[in-house]
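Asks: I have a structure I would like to understand better, so I am pasting it below and will then ask my questions one at a time.
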Amino acid sequence: MTFLLAISDVHVGYPENREIVERIRPRSETDWLLLPGDVSEKVADFEWVLGTLASRFARVVWAPGNHDLWTHPSETLQLRGVERYDHLVKVARDLGVVTPEDPYPTWEGPDGPVTVAPLMVLYDYSYRVPGVTTKEAALKLAYDKGVVCTDEMVLHPDPYDGIDEWCAARAEETERRLAERPGRLPTVLVNHYPLVRDPTFVLRHPEFAIWCGTDRTADWHIRFGAVAMVYGHLHIPRTTWHDGVRFEEVSLGYPREWRPRSTTPGELRQILPVI
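Next comes the structure, spelled out in C-alpha coordinates:
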(Lines of atoms letter the chains of each structure in order from A and count residues from 1; the text may use other names and numbers.)
(Lines give C-alpha, C1' and ligand atoms only; values in the text may rest on other atoms or scores of the structure.)
Protein backbone atom coordinates (compact mmCIF):
# COMPACT_ATOMS: atom_id res chain seq x y z
CA MET A 1 0.00 0.00 0.00
CA THR A 2 1.16 3.51 -0.87
CA PHE A 3 0.32 6.48 1.35
CA LEU A 4 0.15 10.25 0.97
CA LEU A 5 1.33 11.53 4.38
CA ALA A 6 1.87 14.95 5.91
CA ILE A 7 3.52 16.90 8.71
CA SER A 8 4.30 20.60 9.11
CA ASP A 9 5.85 23.11 11.49
CA VAL A 10 8.72 20.86 12.49
CA HIS A 11 10.75 23.87 13.71
CA VAL A 12 14.05 22.01 13.91
CA GLY A 13 15.75 24.86 15.72
CA TYR A 14 14.50 22.98 18.78
CA PRO A 15 16.78 19.95 19.43
CA GLU A 16 13.78 17.81 20.46
CA ASN A 17 12.09 18.52 17.13
CA ARG A 18 15.26 17.76 15.20
CA GLU A 19 15.36 14.36 16.91
CA ILE A 20 11.75 13.75 15.85
CA VAL A 21 12.56 14.56 12.22
CA GLU A 22 15.50 12.15 12.38
CA ARG A 23 13.02 9.41 13.34
CA ILE A 24 10.46 10.09 10.57
CA ARG A 25 10.14 7.17 8.18
CA PRO A 26 7.70 6.26 5.41
CA ARG A 27 5.38 3.27 5.72
CA SER A 28 6.43 2.02 2.28
CA GLU A 29 9.15 2.93 -0.20
CA THR A 30 6.56 4.55 -2.50
CA ASP A 31 5.04 6.98 0.05
CA TRP A 32 4.84 10.72 -0.57
CA LEU A 33 5.27 13.34 2.16
CA LEU A 34 3.60 16.76 2.24
CA LEU A 35 5.51 19.42 4.18
CA PRO A 36 3.50 22.67 4.40
CA GLY A 37 6.05 24.98 5.90
CA ASP A 38 7.89 26.21 8.97
CA VAL A 39 10.81 23.87 8.56
CA SER A 40 13.39 26.29 9.99
CA GLU A 41 14.52 29.91 10.07
CA LYS A 42 18.01 28.79 9.00
CA VAL A 43 18.82 27.79 5.43
CA ALA A 44 21.30 25.16 6.59
CA ASP A 45 18.66 23.45 8.76
CA PHE A 46 16.09 23.80 5.97
CA GLU A 47 18.45 22.00 3.60
CA TRP A 48 19.14 19.26 6.16
CA VAL A 49 15.44 18.56 6.76
CA LEU A 50 14.47 18.48 3.09
CA GLY A 51 17.50 16.40 2.18
CA THR A 52 16.86 13.93 5.00
CA LEU A 53 13.21 13.45 4.12
CA ALA A 54 13.77 13.40 0.36
CA SER A 55 16.20 10.52 0.84
CA ARG A 56 13.47 8.48 2.57
CA PHE A 57 10.27 9.27 0.69
CA ALA A 58 9.47 8.66 -2.96
CA ARG A 59 8.45 12.33 -3.23
CA VAL A 60 8.44 15.30 -0.88
CA VAL A 61 6.19 18.29 -1.58
CA TRP A 62 7.00 21.57 0.23
CA ALA A 63 5.07 24.80 0.65
CA PRO A 64 6.76 27.68 2.52
CA GLY A 65 5.83 28.83 5.99
CA ASN A 66 6.42 32.25 7.47
CA HIS A 67 9.40 31.03 9.53
CA ASP A 68 11.06 29.69 6.37
CA LEU A 69 10.80 33.19 4.88
CA TRP A 70 12.22 35.05 7.89
CA THR A 71 15.45 36.99 7.56
CA HIS A 72 16.59 36.18 11.07
CA PRO A 73 19.39 38.34 12.56
CA SER A 74 21.42 35.21 13.30
CA GLU A 75 21.07 33.85 9.75
CA THR A 76 24.30 33.95 7.78
CA LEU A 77 22.45 34.41 4.48
CA GLN A 78 20.68 37.77 4.82
CA LEU A 79 18.34 37.45 1.82
CA ARG A 80 14.97 39.17 2.04
CA GLY A 81 11.48 38.62 0.66
CA VAL A 82 11.18 37.21 -2.85
CA GLU A 83 14.95 36.76 -3.09
CA ARG A 84 14.95 34.53 -0.01
CA TYR A 85 11.95 32.55 -1.26
CA ASP A 86 13.62 32.01 -4.63
CA HIS A 87 16.75 30.76 -2.87
CA LEU A 88 14.72 28.24 -0.84
CA VAL A 89 13.03 27.06 -4.02
CA LYS A 90 16.44 26.43 -5.57
CA VAL A 91 17.63 24.53 -2.49
CA ALA A 92 14.49 22.38 -2.56
CA ARG A 93 14.69 21.70 -6.29
CA ASP A 94 18.34 20.68 -6.03
CA LEU A 95 17.20 18.05 -3.52
CA GLY A 96 14.39 16.81 -5.78
CA VAL A 97 11.64 18.35 -3.63
CA VAL A 98 8.52 19.73 -5.34
CA THR A 99 7.88 23.44 -4.70
CA PRO A 100 5.03 25.84 -5.54
CA GLU A 101 7.05 26.96 -8.56
CA ASP A 102 7.06 23.50 -10.15
CA PRO A 103 4.40 21.70 -12.21
CA TYR A 104 1.85 20.19 -9.84
CA PRO A 105 2.48 16.44 -9.55
CA THR A 106 -0.26 13.84 -9.88
CA TRP A 107 -0.81 11.33 -7.10
CA GLU A 108 -1.69 8.02 -8.76
CA GLY A 109 -2.01 6.05 -5.53
CA PRO A 110 -5.15 4.91 -3.69
CA ASP A 111 -8.08 7.35 -4.03
CA GLY A 112 -6.25 9.03 -6.92
CA PRO A 113 -5.57 10.36 -9.38
CA VAL A 114 -5.46 13.81 -7.80
CA THR A 115 -3.37 16.89 -8.44
CA VAL A 116 -1.17 17.70 -5.44
CA ALA A 117 -0.79 21.48 -5.41
CA PRO A 118 1.72 23.16 -3.07
CA LEU A 119 0.78 26.82 -2.68
CA MET A 120 2.62 29.99 -1.68
CA VAL A 121 -0.10 32.55 -0.92
CA LEU A 122 0.81 34.31 2.38
CA TYR A 123 -1.65 36.53 4.31
CA ASP A 124 -3.05 40.04 3.98
CA TYR A 125 -4.47 40.99 7.40
CA SER A 126 -8.04 40.28 6.23
CA TYR A 127 -8.83 37.80 9.05
CA ARG A 128 -9.88 40.61 11.38
CA VAL A 129 -11.95 40.45 14.53
CA PRO A 130 -15.54 41.74 14.27
CA GLY A 131 -15.78 45.50 14.16
CA VAL A 132 -12.26 46.02 12.81
CA THR A 133 -12.43 47.10 9.18
CA THR A 134 -8.90 48.03 8.13
CA LYS A 135 -5.41 46.55 8.20
CA GLU A 136 -4.15 49.53 10.16
CA ALA A 137 -6.82 49.16 12.84
CA ALA A 138 -6.21 45.41 13.07
CA LEU A 139 -2.48 45.91 13.58
CA LYS A 140 -3.06 48.62 16.17
CA LEU A 141 -5.40 46.33 18.11
CA ALA A 142 -2.84 43.50 18.03
CA TYR A 143 -0.06 45.79 19.26
CA ASP A 144 -2.31 47.22 21.97
CA LYS A 145 -3.12 43.68 23.14
CA GLY A 146 0.53 42.64 23.01
CA VAL A 147 -0.26 39.93 20.43
CA VAL A 148 2.20 40.61 17.63
CA CYS A 149 3.63 38.07 15.19
CA THR A 150 7.42 38.15 14.88
CA ASP A 151 6.84 38.40 11.12
CA GLU A 152 6.42 42.14 11.62
CA MET A 153 10.12 42.33 12.47
CA VAL A 154 11.79 39.66 10.34
CA LEU A 155 9.53 38.71 7.39
CA HIS A 156 10.31 41.27 4.71
CA PRO A 157 8.18 41.59 1.55
CA ASP A 158 10.91 43.03 -0.73
CA PRO A 159 10.48 44.15 -3.45
CA TYR A 160 6.80 44.63 -2.56
CA ASP A 161 5.72 47.49 -0.32
CA GLY A 162 3.93 45.15 2.08
CA ILE A 163 3.15 41.50 2.77
CA ASP A 164 -0.45 42.13 1.68
CA GLU A 165 0.76 43.33 -1.73
CA TRP A 166 2.97 40.24 -2.07
CA CYS A 167 -0.01 38.11 -1.03
CA ALA A 168 -2.22 39.67 -3.71
CA ALA A 169 0.34 38.93 -6.42
CA ARG A 170 0.81 35.34 -5.24
CA ALA A 171 -2.94 34.74 -4.96
CA GLU A 172 -3.58 35.98 -8.49
CA GLU A 173 -0.85 33.81 -9.99
CA THR A 174 -1.80 30.73 -7.95
CA GLU A 175 -5.47 31.06 -8.80
CA ARG A 176 -4.59 31.12 -12.49
CA ARG A 177 -2.40 28.04 -12.23
CA LEU A 178 -5.02 26.06 -10.33
CA ALA A 179 -7.67 26.95 -12.89
CA GLU A 180 -5.37 25.82 -15.69
CA ARG A 181 -4.17 22.59 -14.08
CA PRO A 182 -3.95 19.77 -16.63
CA GLY A 183 -6.94 17.44 -16.74
CA ARG A 184 -8.89 19.44 -14.12
CA LEU A 185 -8.34 16.58 -11.69
CA PRO A 186 -9.50 16.76 -8.07
CA THR A 187 -6.87 18.33 -5.84
CA VAL A 188 -5.05 18.06 -2.56
CA LEU A 189 -4.24 21.68 -1.72
CA VAL A 190 -1.13 22.18 0.42
CA ASN A 191 -0.60 25.60 2.00
CA HIS A 192 1.00 26.82 5.20
CA TYR A 193 -2.14 28.74 6.13
CA PRO A 194 -5.73 27.47 6.09
CA LEU A 195 -7.59 28.58 2.98
CA VAL A 196 -10.67 29.53 5.02
CA ARG A 197 -10.96 31.64 8.14
CA ASP A 198 -12.95 29.18 10.27
CA PRO A 199 -9.98 27.23 11.71
CA THR A 200 -8.68 30.45 13.30
CA PHE A 201 -11.81 30.88 15.43
CA VAL A 202 -10.29 28.64 18.13
CA LEU A 203 -7.21 30.82 18.61
CA ARG A 204 -6.66 31.88 22.21
CA HIS A 205 -5.88 35.37 20.93
CA PRO A 206 -8.22 36.14 18.02
CA GLU A 207 -6.20 39.23 17.14
CA PHE A 208 -3.44 36.90 15.89
CA ALA A 209 -5.64 35.67 13.04
CA ILE A 210 -4.54 38.55 10.80
CA TRP A 211 -1.27 36.65 10.28
CA CYS A 212 -3.08 33.40 9.40
CA GLY A 213 -4.36 33.66 5.84
CA THR A 214 -6.42 35.66 3.39
CA ASP A 215 -10.07 35.96 2.39
CA ARG A 216 -8.88 35.72 -1.23
CA THR A 217 -8.71 31.91 -0.91
CA ALA A 218 -12.06 31.36 0.83
CA ASP A 219 -13.67 29.37 -2.01
CA TRP A 220 -10.62 27.66 -3.51
CA HIS A 221 -11.36 24.30 -1.88
CA ILE A 222 -14.72 24.32 -3.68
CA ARG A 223 -13.71 25.89 -6.99
CA PHE A 224 -10.69 23.64 -7.47
CA GLY A 225 -12.24 20.35 -6.42
CA ALA A 226 -10.25 19.70 -3.26
CA VAL A 227 -10.58 16.27 -1.69
CA ALA A 228 -8.39 17.55 1.15
CA MET A 229 -6.75 20.78 2.24
CA VAL A 230 -3.50 20.33 4.22
CA TYR A 231 -2.05 23.16 6.29
CA GLY A 232 -0.16 24.07 9.47
CA HIS A 233 0.79 27.36 11.13
CA LEU A 234 -1.84 27.31 13.89
CA HIS A 235 -0.10 24.55 15.88
CA ILE A 236 -3.54 23.07 16.60
CA PRO A 237 -3.42 19.65 14.91
CA ARG A 238 -6.92 18.43 14.07
CA THR A 239 -9.35 17.52 11.29
CA THR A 240 -12.22 19.84 10.40
CA TRP A 241 -14.73 19.92 7.56
CA HIS A 242 -15.70 22.97 5.54
CA ASP A 243 -18.29 22.80 2.74
CA GLY A 244 -17.87 19.02 2.78
CA VAL A 245 -14.08 19.24 2.29
CA ARG A 246 -11.64 17.76 4.80
CA PHE A 247 -9.12 20.23 6.24
CA GLU A 248 -6.09 18.70 7.97
CA GLU A 249 -3.93 20.81 10.32
CA VAL A 250 -0.76 18.72 10.56
CA SER A 251 1.61 20.78 12.75
CA LEU A 252 4.18 19.26 15.06
CA GLY A 253 4.67 22.63 16.78
CA TYR A 254 6.96 23.65 19.61
CA PRO A 255 8.01 21.16 22.32
CA ARG A 256 6.00 23.02 24.97
CA GLU A 257 2.93 22.43 22.79
CA TRP A 258 3.35 18.78 21.84
CA ARG A 259 4.67 17.46 25.18
CA PRO A 260 1.26 17.58 26.95
CA ARG A 261 -0.55 15.81 24.10
CA SER A 262 -1.47 12.15 24.34
CA THR A 263 -0.51 11.55 20.69
CA THR A 264 2.97 10.53 19.58
CA PRO A 265 4.91 13.63 18.47
CA GLY A 266 5.92 13.51 14.84
CA GLU A 267 3.30 10.95 13.85
CA LEU A 268 2.50 11.54 10.19
CA ARG A 269 -1.07 12.32 9.18
CA GLN A 270 -2.57 10.09 6.48
CA ILE A 271 -4.15 12.19 3.75
CA LEU A 272 -4.74 9.45 1.16
CA PRO A 273 -6.10 6.85 0.99
CA VAL A 274 -9.03 8.20 2.96
CA ILE A 275 -9.31 6.36 6.25
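First residue of the sequence shown: 1, per full-length UniProt numbering; consecutive thereafter. Heads up, the beta-carbon is just placed ideally off N, CA and C, and yes, glycines get one too.
Taking only three categories from DSSP, how would you classify Met-1?
Replies: In the structure shown, Met-1 sits in coil (DSSP, three-state: anything other than H, G, I, E or B).
Asks: Over what stretch of residues does the alpha helix (DSSP H) that includes Pro-113 continue unbroken?
Replies: Per DSSP, Pro-113 belongs to no alpha helix (DSSP H) and is neither H nor E.
Asks: Tell me the DSSP secondary structure of Arg-56 in three-state form.
Replies: The answer is coil: DSSP assigns Arg-56 none of H, G, I, E or B.
Asks: Which stretch, first to last residue, makes up the alpha helix (DSSP H) that contains Arg-204?
Replies: Unbroken run through Arg-204: none, as it is neither H nor E.
Asks: Is the beta carbon of Pro-237 sitting closer than 9 Å to the one on Gly-225?
Replies: Cβ atoms of Pro-237 and Gly-225: not closer than 9 Å.
Asks: Assign Tyr-231 to one of two classes, buried (16 or more other C-beta atoms within 10 Å of its C-beta) or exposed (fewer than that).
Replies: By the 10 Å Cβ count, Tyr-231 comes out buried.
Asks: In or out: Tyr-143 buried (at least 16 other Cβ within 10 Å) or exposed?
Replies: Per the 10 Å Cβ criterion, exposed.
Asks: Asp-111 and Leu-272 - do their beta-carbons sit closer together than 9 Å?
Replies: Against a cut-off of 9 Å, the Cβ pair of Asp-111 and Leu-272 comes out as a contact.
Asks: Which word fits Glu-152, buried or exposed, when buried means at least 16 other C-beta atoms lie within 10 angstroms of its C-beta?
Replies: Exposed.
Asks: Would the segment 189-202 and the segment 80-89 be scored as touching if the rule is three or more Cβ pairs under 8 Å?
Replies: No: the two stretches stay apart, fewer than three of their Cβ pairs being nearer than 8 Å.
Asks: Quick check on DSSP: helix, strand or coil for Thr-106?
Replies: Three-state DSSP puts Thr-106 in a strand.
Asks: Look at Arg-177 and Tyr-104 and say whether their C-beta atoms are less than 9 Å apart.
Replies: It is a contact, given that the beta carbons lie within the stated cut-off.
Asks: Along the chain, where does the alpha helix (DSSP H) that runs through Trp-258 open and close?
Replies: Run containing Trp-258: 255-258, per the alpha helix (DSSP H) assignment.
Asks: Tell whether a beta-carbon distance below 9 Å holds between Val-188 and Val-114.
Replies: Contact flag set, yes.
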